[in-house]
Amino acid sequence: MRATTMPNPTWSQNHFVLSSNKILKRCQPGRSKFFKRILLSMVLIISMVVNHSSIFANSEPKPKVLIVMSAANTLLLDENHKHPTGVFLNELFYPAIRLYQSGFALEFATPNGKKSTLDPESLKDKYWNSKEEKEEAIRFLNSLSSFQKPISLELAIKNNKSYTGLLIPGGQGLMTDLLYDPNLPILLTKFQEQEKKIGLVCHAPALLITLPSGPNGEGFLFQGYHVNSVTKMEEWFIETFVMKGKPKVRKISELLKERGMLYESSIFPASGFATRDRNLVTSQNPFSGEEFTKLYLDAIKDSLKKSSF
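Take any residue in the sequence shown, count from 1 to its spot, add 205: that is its number in our numbering.
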């Protein structure tokens, strides 16, 4: 999935005016003043219509998506050493840029409103279509004031009714802070009870285990839902060859099954895979950006269609 240039909301108006001026300049000298006045009047009327339409569109409040991120920059491995981590850049960028381009407002939240750290692993070229795409991702996020200064999870809970959906990108930083933050299950519960769209990427489905559950999944809000996450084989590969150590919480797929969820994944590791069940969209790894983004964007748009009736 390749990112495209962000649209300029005034581009169409400016382009139209410039084109109109060129048309007037190209009028043959022999044309009558009456003809030029008629043409100028038509240009002005059409320009007013274009301008009015834009103003009207911009007066409508944009639907808002809450993006919850980890603020941790290390993960404890083997209970004796820390590994650098954070938010996985492409797992955040791909859905965020598409939401932004589709007209959604983005609000970022972290524990205590602390700015997120990008996982150093996610800056490697193998996770990107090109170096230019990676650089664009960094520029895009840095251009968003809410990414630079996220709100706290407490404030996100307070404002929960103002959001259309919830998105939580992966990166193992969340296994350090979000997994143990008492605000996270409150936030998930509020979105689930309102049947709002919830998108969880790679390691983020592990956050579902923070919700109350009986021994066999009784009372679990997502019992019976189809779900996807990083696979056991992918966890083993990361622990063996990337991090060279094991975190406290692992085998996420098994933990989700214990709560009565229906786990499914690609049979091929490091391949794109995502699944949607009702209001829940989950994906497997950093290579699932295209699959996840399409499902999540479709889910969000479906909810907007229902609310318009």
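Positions of the beta carbon are idealized from the N, C-alpha and C atoms, including for glycine.
Predicted, not measured: the structure shown is a model, and the values here were computed from it.
Taking A409 as reference, the option from E398, L383, F427 with the minimal CA-CA separation is L383. Around the beta-carbon of T315, 16 or more other beta-carbon atoms lie within 10 Å, marking it buried. E284 and S434 have their C-alpha atoms spaced approximately 24 Å apart. Counting the other Cβ atoms within 10 Å of the Cβ of G378 gives 16 or more, which makes it buried.
Taking a contact as a CB-CB distance under 8 Å, the pair V406 and F298 does not count as one, their CB atoms being some 11 Å apart. Judged by DSSP in its simplified three-state form, A361 adopts helix. Residue pairing for F313: DSSP places it in a beta bridge opposite I272. Just so you know, the alpha carbons of E469 and V273 end up roughly 24 Å apart. Checking the DSSP bridge columns, you'll see H288 partnered with L280. Between P355 and K320, the gap from beta carbon to beta carbon is short of 8 Å. When only Cα atoms are considered, Y368 and E359 end up about 14 Å apart. Taking the C-beta atoms as reference points, F425 is found no nearer than 8 Å to L485.
With respect to the C-alpha of K366, the residue from Q397, Y385, E341 having the closest C-alpha is Q397. Judged by DSSP in its simplified three-state form, G370 adopts strand. Per DSSP, G494 is one residue of the alpha helix (DSSP H) stretching across 494 to 512. Under DSSP, T322 shares a beta bridge with no residue.
At a Cβ-Cβ threshold of 8 Å, L349 and L413 do not count as neighbours. Inter-residue distance for Y332 and L271 is about 25 Å (C-alpha atoms, whole angstroms). Per DSSP, the continuous beta strand (DSSP E) segment holding I403 begins and ends at 402 to 406.
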